[in-house]
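Peer 1: Sharing a structure with you now.
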Amino acid sequence: MNEVERRSPRGATRLVGRTEDLSFIRSFLHDSVVQGAALLLTGEAGVGKTAVLDALAADSARRGVRVLRARGVQFEADISYAGLNQLLVPLFDEFGILDAGHRDALRVAVGIGSGPSPDRLVTSTAVLLLLRMLSRDTPLLVVVDDLPWLDRATTGVLGFVARRLVGSKVSFVAACRTGSASFFESSGLTEHRLPPLDDTASAELVALAHPDVSPAVRRRIVAEAHGNPLALVELPAALSGEQRTALTAVPAVLPLSERLQAMFVSRVGGLPAPTRRLLLLAALDGTGDLAPVEAAARGHAVIDDLAPAERERLVEVSAGARRLSFRHPLIGSAVVAQATTAELHRAHRALAEVLADLPERRAWHLGEAAVGPDEEVAALLEQAAHLRVRRGDALGAVTALTRAAGLSPAPADKSRRLAEAAYIGTDAGGELADASRLLAGARAADPSGHDSLHAAAAASFLLINKDGDIDTAHRLLVGAIENGDHGYDASDDALIDALHSLVLLCWHGGEPRLWEPLLRAVDRLTPEPPDLLWTVSRTFGDPARTGPEGLARLDALSARVGDDPTQVVRLGTASVYPDRLARVREASVRLVEHGRAGTAPVRRHLGALMHLGLDYYNLGRWDDATRLAGEGLVLCEEHDYHFFAWELQYVQALVAAARGELATSDALVADIVRWATPRGAHGARFFASHAKALGALGGGDFEAAYRYATVVSAPGTLAPYVPHALWSAMDLVEAALRTGRTDEAAAHAAAMRASAMAALSPRLNLLVLACEALTAPGDEALALFDRALSSVGSEAEKWPFDIARVRLFHGEHLRRRRATREAREQLVTALESFEALGAAPWVKRATAELRATGYAGPAISPVASVSLTAQELHIARLAASGLTNKQIAERLFLSHRTVGTHLYQIYPKLGISSRTALRDALDSLGPLPDEGGSR
C-alpha cells in the first residue's frame, strides 16, 4: 500500500463489515491453547487491511496488551533495518535487559549505537529475546503494515522472529497486498485473506462516510466498488453535489478522486497504446465479454495486445471462455480517466457499430458518442428507457430518458422526456429529490407549453407526498388529461399511466365525485381501454356494484401475471377487494426479494409489501404481515415516501386491534388520521375507522364500534366508491345488534345482499350470509349459518379470522337455542383458531361462551402476552436512551436499516408509534428481564 492509500477514510468513524474477520484474528492470536502466534493478513489494494490492523491494535491495547507497530515506507525500503528501528523505538530504553553482546548488536542495527555491522543471526536472536523477555510481564502484539515496502534486513529479522513465538506471550500480524512481491518469507505462516465487503456492509459504509449521498447513487457506488472499502469511501468524493443526490447526473463510468487516480491511473498510463485502447473498449462495454471488444478493435490481435496488461496484473483474460475482467474494480475507471474525450467518443462509436442486435446497449453508446443534439439517437434512448421500465429498471430508464432529453433538438421533446423521467422517478424509482429536479427541468425546457401528462402525474404525486391535498392534486391531473392532445388513444402510454395514477388519487380521496372524470376518460379510450386499467376501474373503485364485471378479465390477467413490477403491483391493486391477492402472491414475493436486492423499483417494492401485508392478514399470518409492514415503513422513511406510510400502518393497526393491543392500534390510527385529515385523504380515514371498530368489538365497547363502523358506511347502504365498506360491513351489523339497533342491522344485511358483494369472493359471500343469519329469526338463522360456513368449503384456511368469528356467532345462536353439543363444536373450533392467531379478546369471548355451555373439556390455554425478543429489548433500550439508529447499529454490529426494521416491529408491540415514546412505554411494562432472556 503506498502513502496515498494510508490516509484515513473520509467521514468514516468506525469499522464496518469486519466483525467476523476481527473475531477470527483475535481468536487466532489471543485464544489459542498454545501461546504465541503469527498471522499474515492479505487482500487487494483498498480492501481495508490497515483499518483492520488499527482496530486489532486498539482492541488489544484495551485488553492490556502492549502493541508495537511498524509500516513499510517506499523511500526507506533501501535503508537496512529502517523498519526495525521504527518497530523498536518504544523499547530503546529497555535494551538493557539483554546480555551485552545482543544489546550492542541490536543498538548498532537500529542506529543508536556505533560499531561494525552485526551478524544477521545475532540481530534476529536479539530481537526475539527482547520480545520474549518483555512479554513475561505484559503480552506483546507486533503489528506490521505494508510488508512489501519494508527493507530486506528487517523482513529477514521479522520472518525469523515470527517462526519462533510458540510458547511466548508475543503475537505477530503483518499485512500485505495479495500477489505483491516481498522479501518476507511467509511459508509456513497462517494466512487470512480479507474479502470484499458484502452489499449490506458496503451500503452502510457509504452512508456512514457520505450521509448526503442519495440511496440510488449509493446503490450505484456499491455496485461499482465490488465491496472495496477504499472505493466505497473515495468514489463519492469525486462526484459533484448534484451527482451525489441525482443518479441521472452520474456518468456511466464513475470518475476517480485524486487519491484513487494516484493509485491506479499511473499503472494504466505506462501501457502501450493498443493495450490502452482495448482496455478502454472493455471498460466502456462493461460486460466482460471479449466478443464486442474484438469486433470493435477491427481485427487487432486482441489477446496479444492485452498481454502487457496481464503482466501488470491489471486484467485477467480467459481466451477459452472469451472473458476479460479487471483485477481491481477501479482499474476500469482509471482507464477511462486517462482517456481523452476524442478517444472516448471513438470507442463508444466503435462499440455502437458492433451492437446492432442489442438496441439498449447500442443506444447508450450512441448517446455517449454524440457531441450535440441528435433526435435519432434521442429517440433510440427513449425506446431503450421503455424497455428498461418493463424490465423493472426504473432508475436506468430515468437515466436513459435524461440523456435523451439532453440530445433532443426540440424544446417540446426535451420537456416531454424530462417529464417522463420525473414521472418514472416518482411512480417507481424512489428518488423524489431527483424527480423534482427533472420536473423543474421539463418546465424550464419548454416554458410556453402545457404540462405533459407525465409532468402532471409526477407533480400531483410530489404535491400529496409533501403538504398538498388530494383535491388539488386531483384537479391538476384531471386538467392535464382533459386538456391533452392524446385523443384518448388507448395506445398512448402517458395517458394510461396518468389514468392509473388518477385511480389511486380517487381511492385515497374516498369521495364518489372524484371518480367521475376518471370513469369518463376510461370510457372514451379508443378503440377500447386496456384490460388492466378497465379491470381496476371496476374492481377497485366501487366493487360492491361494478366488481363482478371485472372478474373474468381479472382472472385471465392473473393467469399470466409475469414479472413486470408495474404490472404485478397494478394487478395486485385490482385484486385487493375481490380477494384475489393470493393469485399474485408468488409474483409479489419475487418482487419483494428483488426490491431487497436493489434490483426492483422502490415504489413497486412498497406496493408488493402492502399487498402481501393485506394478503397475510387474511391468511392469518399476522406476524408476517406486521413484519412486512415494518419493512415498508423503513423504506418510506429512507426514500421520503411519506404518502404510503399510512397503508402500512393500517396493516399493523388491524393486527394489533384483532389481538387486543388497543394502545398499539390506537397510536397507529392516530398517526393515520393526523396525516390524512389535512390532506383530505378520506379513504385513509375509512381504513383507520375500520381498525378502531374492530378493536372496540374485541374489547366489548359495542357503542364505540358502531360509531366507527358507520364512519365507513351509513347503516342500510354500502357507501358508493368506498370499497372498504365491504370489509367493515360485518362489524357494523354486529355492533348494531349488540347496541339494540336491530333495524339498522337488518337494513345493512339487506344492503349487503342487494349489492354485488357476495359475487366477489367466497369470503365476502361468507360475510353476507353470516350477517343475514345474525339478523334472521330462529331456524332460518341457523340454516344461514350452516350455508355460510359450508360456502367456503376447502378454502376455509384462507380466512381463519373471519371464519372463526362466524363460528363464534353460530355457536352463540346454537347455545341460546339450547343446542349445546352443536354449540360447543362451533365454539371449540372458533377458540382454537383465535388462540392460533393470538386474538386475545376473541379468545376471551369464545371462552365465555364455551363456559356458558357447561364446557368441561381441556383447560383453555391463555394467549401469551406480547413479547419482545432479547435483541428487540436491547434495541428498544438503546433507542430509549437517545442513541440514533446508526449508533445502535455500531454497537450491535447491525446495519442501520436492520435497526429501523426492528424498531418498526417494536413500536406496535409497545403500543406506540415513534421512538419519542419508547422510554415511557418501557417503564410502563415494569421490571424487564435481562437481555439474555425475553419478555
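Each residue of the sequence shown is one higher than the last, beginning at 10 in the working numbering. Glycine included, C-beta positions come from ideal geometry on N, C-alpha and C. Just so we're clear, the structure is a prediction, and the values are computed from it rather than from any experiment.
Going along the chain, which residues of its own chain have a beta-carbon closer than 7 angstroms to the beta-carbon of Arg-15, five neighbours each way excluded?
Peer 2: For Arg-15, the predicted structure reports a pLDDT of 36, less than 50, and the residue's modelled location is therefore unreliable. A value from the coordinates is still provided. Taken in chain order, the residues that qualify are Thr-59.
Peer 1: Is Val-380 buried or exposed, if buried means 16 or more other CB atoms sit within 10 Å of its CB?
Peer 2: It is exposed - the Cβ of Val-380 has fewer than 16 other Cβ atoms within 10 Å.
Peer 1: If we count Cβ pairs, one from each stretch, closer than 8 angstroms, do we get three or more for the region 718-736 versus the region 670-684?
Peer 2: As far as the Cβ criterion goes, the region 718-736 does not touch the region 670-684, which means the pair count is below three.
Peer 1: Distance cutoff 9 angstroms, beta carbons only. Does Pro-125 sit that close to anything in chain D?
Peer 2: Looking for chain D here will not work: only one protein chain is present.
Peer 1: Of the residues Leu-514, Val-531, Ala-530, which one's Cα is nearest the Cα of Leu-523?
Peer 2: Minimum Cα distance to Leu-523 is reached at Leu-514.
Peer 1: Inspect the beta-carbon positions of Ala-839 and Arg-814 and report whether they are closer than 9 angstroms.
Peer 2: In contact: Ala-839 and Arg-814 (Cβ atoms closer than 9 angstroms).
Peer 1: Could you tell me the alpha carbon to alpha carbon distance between Ala-291 and Ala-393, rounded to whole angstroms?
Peer 2: Roughly 21 angstroms between the two C-alpha positions.
Peer 1: Leaving out five residues on either side along the sequence, give the residues of the same chain with a beta carbon under 6 angstroms from the beta carbon of Leu-657.
Peer 2: So the qualifying residues of the chain are Ala-638, Gly-641, Leu-642.
Peer 1: Consult DSSP for Arg-3 and reduce its assignment to one of helix, strand or coil.
Peer 2: Outside the shown range of the chain (10 to 944) lies residue 3, about which nothing can therefore be said.
Peer 1: Can you tell me where the beta strand (DSSP E) with Phe-335 in it begins and where it stops?
Peer 2: It spans 332-335 - the beta strand (DSSP E) in which Phe-335 sits, taken as one unbroken run.
Peer 1: Under 8 angstroms: do the region 294-309 and the region 347-355 share three or more Cβ pairs, one atom per stretch?
Peer 2: No, the region 294-309 does not touch the region 347-355.
Peer 1: Which residue or residues does DSSP assign as beta-bridge partners of Cys-185?
Peer 2: DSSP lists Thr-51 as partners of Cys-185.
Peer 1: So for Ala-767, helix, strand or coil by DSSP?
Peer 2: Helix at Ala-767.
Peer 1: Whole-angstrom Cβ separation of Pro-301 and Val-363, contact assumed at under 8 angstroms?
Peer 2: So it is a contact: roughly 5 angstroms between Cβ atoms.
Peer 1: Nearest-angstrom Cα distance between Leu-441 and Ser-223?
Peer 2: Computed Cα separation, rounded: 10 angstroms.
Peer 1: Over what stretch of residues does the alpha helix (DSSP H) that includes Glu-712 continue unbroken?
Peer 2: Here the alpha helix (DSSP H) through Glu-712 covers 711-721.
Peer 1: For Glu-834 and Ala-553, what's the separation of their Cα atoms in angstroms?
Peer 2: In a straight line, the C-alpha of Glu-834 is about 33 angstroms away from that of Ala-553.
Peer 1: Identify which residue in Leu-315, Gln-270, Arg-332 has its Cα closest to the Cα of Thr-296.
Peer 2: The shortest Cα separation from Thr-296 among Leu-315, Gln-270, Arg-332 belongs to Arg-332.
Peer 1: Considering Cα atoms alone, identify which of Val-407, His-235, Arg-116 is closest to Val-259.
Peer 2: Checked all of Val-407, His-235, Arg-116; the closest Cα to Val-259 is Val-407.
Peer 1: I'd like to know if the region 174-183 and the region 107-117 are in contact, where contact means that at least 3 CB-CB pairs between them fall below 8 angstroms.
Peer 2: Touching, no.
Peer 1: So for Glu-29, helix, strand or coil by DSSP?
Peer 2: It is helical.
Peer 1: Thinking C-beta only, is Leu-289 closer than 9 angstroms to Ala-218?
Peer 2: No, Cβ-Cβ distance for Ala-218 and Leu-289 is not below 9 angstroms.
Peer 1: Taking the straight line between their C-alpha atoms, what separation do you get for Glu-844 and Pro-245?
Peer 2: For Glu-844 and Pro-245, the distance between alpha carbons rounds to 53 angstroms.
Peer 1: I need the DSSP call for His-357, collapsed to helix, strand or coil.
Peer 2: His-357 falls in the helix class under three-state DSSP.
Peer 1: How about Leu-706 and Glu-753: do their beta carbons lie closer than 9 angstroms?
Peer 2: It is not a contact, given that the beta carbons lie outside the stated cut-off.
Peer 1: For Ala-430, name the three-state secondary structure that DSSP assigns.
Peer 2: Helix.
Peer 1: Taking just the CA atoms, how far does Met-272 sit from Arg-27?
Peer 2: Their backbone Cα atoms lie some 24 angstroms apart in a straight line.
Peer 1: Alpha carbons only, please: which of Ile-433, Leu-563, Gly-749, Leu-775 is nearest the one belonging to Met-761?
Peer 2: For the residues Ile-433, Leu-563, Gly-749, Leu-775, the minimum Cα distance to Met-761 belongs to Leu-775.
Peer 1: DSSP state of Asp-154, grouped into three classes?
Peer 2: In the structure shown, Asp-154 sits in a strand (DSSP, three-state: E or B).
Peer 1: I'd like the list of long-range same chain contacts for Ala-234, defined as Cβ closer than 7 angstroms, with 5 residues on each side in sequence excluded.
Peer 2: Answer for Ala-234: Ser-211, Ala-240, Leu-241, Leu-244, Pro-338, listed in chain order.
Peer 1: Could you work out which residue in Leu-836, Leu-265, Ala-693 is closest to Trp-516 when comparing CA atoms only?
Peer 2: Among Leu-836, Leu-265, Ala-693, the Cα nearest to that of Trp-516 belongs to Ala-693.
Peer 1: Do the region 564-578 and the region 397-414 touch if we need at least three Cβ pairs shorter than 8 angstroms?
Peer 2: Contact between the region 564-578 and the region 397-414 is present, because at least three Cβ pairs lie under 8 angstroms.
Peer 1: Could you check the C-alpha separation between Ala-466 and Gly-57 for me, to the nearest Å?
Peer 2: Going by the C-alpha atoms only, they are around 46 angstroms apart.
Peer 1: Please tell me whether Leu-618 and Leu-580 are closer than 9 angstroms, where the distance is taken between their beta carbons.
Peer 2: No, they are not a contact pair.
Peer 1: Within its chain, find whatever has a CB closer than 6 angstroms to the CB of Val-512; leave out the 5 residues flanking it on each side and keep chain order.
Peer 2: Around Val-512: Val-545.
Peer 1: Excluding the 5 residues flanking Thr-582 on each side, which residues of the same chain have their C-beta closer than 7 angstroms to its C-beta?
Peer 2: The answer, listed in chain order, is Val-545, Phe-549.
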